[in-house]
Amino acid sequence: MRILRKNYLNQSPKKITLDLCCGTGRHIRKLNRKGYLIDGVDINPDAVVIANKSTEL
């Protein structure tokens, strides 16, 4: 996450990103609090369900 913040997030004019292998959405929640719009993708459908529930607004 530190490398991502340093090399990408602070340089992106649009706050839109894609989280590949999002798991249960830990990084999605952090980025969401900073105002980012994130789509998450994961091979484990159960993890995606958890991520969706934990990131609902």
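Following the UniProt record's numbering, the numbering of the sequence shown begins with 1 at its first residue and continues without gaps. Idealized CB from N, CA, C, for every residue including glycine.
Host alpha helix (DSSP H) of aspartate 46 (start-end): From DSSP, the alpha helix (DSSP H) with aspartate 46 extends over 45-54.
Less than 8 Å between the CB atoms is what I'm expecting for leucine 18 and aspartate 39, so what's the real figure, rounded? Contact between leucine 18 and aspartate 39 holds, with the beta-carbon distance rounding to 5 Å and staying under 8 Å.
For the alpha helix (DSSP H) that lysine 30 lies in, which residues bound it at each end? Here the alpha helix (DSSP H) through lysine 30 covers 26-33.
Which of the three DSSP states is assigned to aspartate 42 in this structure? Three-state result, aspartate 42: coil.
To the nearest angstrom, report how far apart arginine 33 and isoleucine 16 are at their CA atoms. Taking the straight line joining both Cα atoms gives about 13 Å.
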